[in-house]
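Enquirer:
There are 2 protein chains.
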Amino acid sequence: MDEPSLKPGDRDFVGALASGLEVLQVFGVEHPRMTLSEVAARTNMDRAKARRFVLTLHALGYVKRVGRQFELSPRVLGPGYAYQASNQYRAVIEQYLEEITAELGESSSLAVLDGNDVVYVVRSPARLRLMAITLSVGTRLPAGYTSMGRVLLGQLREQELDGFLESVELKAFTPYSIMTKESLKKEILKVRSQGFAIVDEELDAGLRSVAVPIYTGSNVLLGALNISTNAARVDMQVLMSVYLPRLQEVVGKVKLIAQ
Amino acid sequence: MDEPSLKPGDRDFVGALASGLEVLQVFGVEHPRMTLSEVAARTNMDRAKARRFVLTLHALGYVKRVGRQFELSPRVLGPGYAYQASNQYRAVIEQYLEEITAELGESSSLAVLDGNDVVYVVRSPARLRLMAITLSVGTRLPAGYTSMGRVLLGQLREQELDGFLESVELKAFTPYSIMTKESLKKEILKVRSQGFAIVDEELDAGLRSVAVPIYTGSNVLLGALNISTNAARVDMQVLMSVYLPRLQEVVGKVKLIAQ
DNA sequence: GCACAATTGTTCGAAATACGAACATTTGTG
DNA sequence: CACAAATGTTCGTATTTCGAACAATTGTGC
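In order, the protein sequences belong to chains A and B. Residue numbering for the first sequence follows UniProt numbering, starting at 1 and increasing by one per position. Residue numbering for the second sequence follows UniProt numbering, starting at 1 and increasing by one per position.
Below is the structure:
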């Protein structure tokens, strides 16, 4: 775990950059378009300050203006594109995931750990399912309650895992959600030793998934692979005897890729 | 066209935000990982300044630290995710594009205009082609030399189009590339009147594509749809008689979506 | 079309911040 | 181990960012 050497208020912490990124982050699904006053209200900034940041983001091309409203511009895809393009395994993993989806008819994903969340970085959605998983690249979910998160947490050093457990927020997403830190730690250690995670209706009703860690041939962790299913349709036995081996097959293939 | 009301040096332009975003942008395929000194050199900033920005981005979670090196963190996917999630047509268009790919075996995309570039926002890559188009969501290409760009430029008002033509950089990507502003304008106006664009080996050898504009039922431009092909494999007649109608079909379906 | 509320734009004094130079410390390499 | 390169730290100060207050514009309801 990579601790910041700076915090807000430190002399070398650039407050204006933090404020500007805070303004950028306020645009999203719930508030795709906003006036200056709305941005100021949402960020709790003085109006003149918010105005400066919005207009600067606009001048730099990160937001567009439509009358009095501002919205994100496609330029904000840039850093994410750079992030994805910097990892040469992404494209080949995406193809393997699509093969899984074509074969099993299930959604399959790669995610990485970021703070206490998993972030989806590759997605192959199942198209034939009415009961669909509505997730995209960039989606963040609480690591402790997802199969991929459990797998990734299981790869952490003891100290890092303890750091996670210290700061994790436990939440009863469903009646099955783990509600003590002790049980969560125990589950993560179990996942670590068995080499895969199954999470069953802990984050959302009906959501059942299996995940494994995926490494390069030189043992660099690339993330976690999963297959997400509907608990009403796929029983545990299929998950273990068909889906898990299929994931492990991809893991094996990726390990053989020359660098 | 949405002109900035601020420019660098203006009193209300937040220089520190611009510098911080400049630092963020320096990370990419060519330089995925960098030390502080490397960031300072690439941005041409004083070392102490670059250090402040890198360490602030790190503290905010946008970059990770590995020893002495910094790299983008998955958190940079956030603004792009917000941008994509803010548009409710994206998911359904993605499905239509995948159907096209499944049916015709070609890559198909949706792009929008940003400055003088098109930015790819939805992608359905053809998996069976060895001669593949290697593009991702977030990829930017010069609008004037791409079928989708031509289509989008054709939707601009006269003044906006003239603004584009004034600032466009003409470049001989291939022997077929348009090299005068007059020819380019003529081509864009032709695209506008015929309702589609075909670009043939103007950006890259072998790259042939057809594109159409796509609107909502209430006449809001969503972007341009295309199918990209290999000129060695797909002749003009197929492009016109099979591929173009297929795109127009999707356009018709999207127009019918209730808001 | 008008009145008025809400929003946005502008100015400017000054507090705060960001800057870079110079020195100190640490790390990597041959 | 020596030394070069890189990073960390400090601090005076120039510059930038801040917000309050006033001005102008826009949107809305009648």
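Yeah, the Cβ is synthetic: ideal placement off N, Cα and C, and Gly gets one too. Every value quoted in this text rests on a predicted model; they were computed, and no experiment measured them.
What does A:Glu98 reach in chain B if we use C-beta pairs closer than 8 Å?
Expert: Arg127
Enquirer: Contact criterion: CB-CB distance below 8 Å. Does A:Ser37 meet it with respect to chain B?
Expert: no
Enquirer: Where does the unbroken alpha helix (DSSP H) through A:Tyr83 begin, and where does it stop?
Expert: 77 to 85
Enquirer: Count the C-beta pairs between the region 114 to 122 of chain B and the region 65 to 78 of chain A that are closer than 8 Å, then say yes if the count reaches three, no if not.
Expert: At 8 Å Cβ cutoff, the stretches touch.
Enquirer: Tell me, please, whether the region 106 to 116 of chain B touches the region 133 to 143 of chain B by the rule of three or more beta-carbon pairs shorter than 8 Å.
Expert: Touching, yes.
Enquirer: Return helix, strand or coil for A:Asp162, following the three-state DSSP convention.
Expert: helix
Enquirer: Using the Cα positions of A:Ala172 and A:Ile178, report the straight-line distance between them to the nearest angstrom.
Expert: 7 Å
Enquirer: Roughly how many angstroms separate the alpha carbons of A:Val66 and A:Leu55, rounded to a whole number?
Expert: 13 Å
Enquirer: Ends of the alpha helix (DSSP H) at B:Gly217?
Expert: Neither: B:Gly217 is in no alpha helix (DSSP H) and is coded neither H nor E.
Enquirer: Between A:Ile100, A:Gly223, A:Ser228, which lies nearest to A:Lys255 when the distance is taken from Cα to Cα?
Expert: It is A:Gly223.
Enquirer: With a 10 Å radius around its C-beta and 16 neighbouring C-beta atoms as the bar for buried, classify B:Glu249 as buried or exposed.
Expert: Exposed: under 16 other Cβ atoms inside 10 Å.
Enquirer: Could you name the residues of chain B that A:Leu72 contacts, counting a contact when the two beta carbons are closer than 9 Å?
Expert: In chain order: Pro79, Gly80, Ala82, Tyr83, Ser86.
Enquirer: Around the Cβ of A:Pro125, are there at least 16 other Cβ atoms within 10 angstroms (buried) or fewer (exposed)?
Expert: buried
Enquirer: Tell me B:Gln69's beta-bridge partners as DSSP assigns them.
Expert: Partner(s): B:Val66.
Enquirer: Specify the secondary structure class of A:Ser136 as computed by DSSP and reduced to three states.
Expert: coil
Enquirer: At what residues does the alpha helix (DSSP H) containing B:Ile100 begin and finish?
Expert: 90 to 104
Enquirer: Would you mind reading off the limits of the alpha helix (DSSP H) that contains A:Arg47?
Expert: 47 to 59
Enquirer: Kindly confirm or deny that the region 99 to 108 of chain A and the region 147 to 156 of chain B touch, where touching means at least three C-beta pairs closer than 8 Å.
Expert: no
Enquirer: According to DSSP, what are the bridge partners of A:Gly223?
Expert: A:Ile214
Enquirer: Output needed for A:Ser37: all residues of its chain with C-beta closer than 7 Å, excluding positions within five of it in sequence on either side, in chain order.
Expert: Beyond the five residues adjoining it in sequence on each side, A:Ser37 comes within less than 7 Å, by CB distance, of Arg47 in the same chain, given in chain order.
Enquirer: Less than 8 Å between CB atoms is the rule here; does B:Arg192 satisfy it with respect to chain A?
Expert: no
Enquirer: Taking only three categories from DSSP, how would you classify residue 266 of chain A?
Expert: In the structure as shown, chain A begins at 1 and stops at 259. Residue 266 of chain A is therefore absent and cannot be evaluated.
Enquirer: Give me, in chain order, the residues of the same chain whose beta-carbon lies closer than 7 Å to that of B:Gly61; leave out the 5 immediate sequence neighbours on both sides.
Expert: Excluding its 5 nearest sequence neighbours in each direction, B:Gly61 has C-beta neighbours in its own chain below 7 Å: Ser73, Arg75, listed in chain order.
Enquirer: Would you please state the rounded distance, in angstroms, between the beta carbons of B:Asn116 and B:Ser147? I believe it to be under 8 Å.
Expert: In fact, because the Cβ distance is near 16 Å, the residues do not count as touching under 8 Å.
Enquirer: Between the C-alpha atoms of A:Leu221 and A:Tyr89, what's the straight-line distance to the nearest angstrom?
Expert: 11 Å
Enquirer: Give every residue of the same chain whose Cβ lies closer than 7 Å to the Cβ of B:Phe13, excluding the five residues on either side of it in the sequence, and list them in chain order.
Expert: Leu6, Lys7
Enquirer: Determine the direct distance from the alpha carbon of B:Ala16 to that of A:His58, and round the result to whole angstroms.
Expert: 15 Å
Enquirer: Would you call A:Ala50 buried or exposed, if buried means 16 or more other Cβ atoms sit within 10 Å of its Cβ?
Expert: buried
Enquirer: On the DSSP bridge assignment, give the partners of B:Val119 in chain order.
Expert: B:Val112, B:Arg140
Enquirer: For a test of the three-state rule: what should DSSP assign to A:Arg33, helix, strand or coil?
Expert: strand
Enquirer: Do you know whose CA, among A:Lys185, A:Val92, A:Pro4, lies nearest A:Arg157's CA?
Expert: Of A:Lys185, A:Val92, A:Pro4, the residue nearest in Cα terms is A:Lys185.
Enquirer: Leaving aside the five residues before and after B:Gly206 along the sequence, list all residues of the same chain whose C-beta is less than 8 Å from its C-beta, in chain order.
Expert: Met131, Asn230, Ala231, Ala232
Enquirer: Tell me the rounded alpha-carbon separation between B:Ile198 and A:Val210.
Expert: 45 Å
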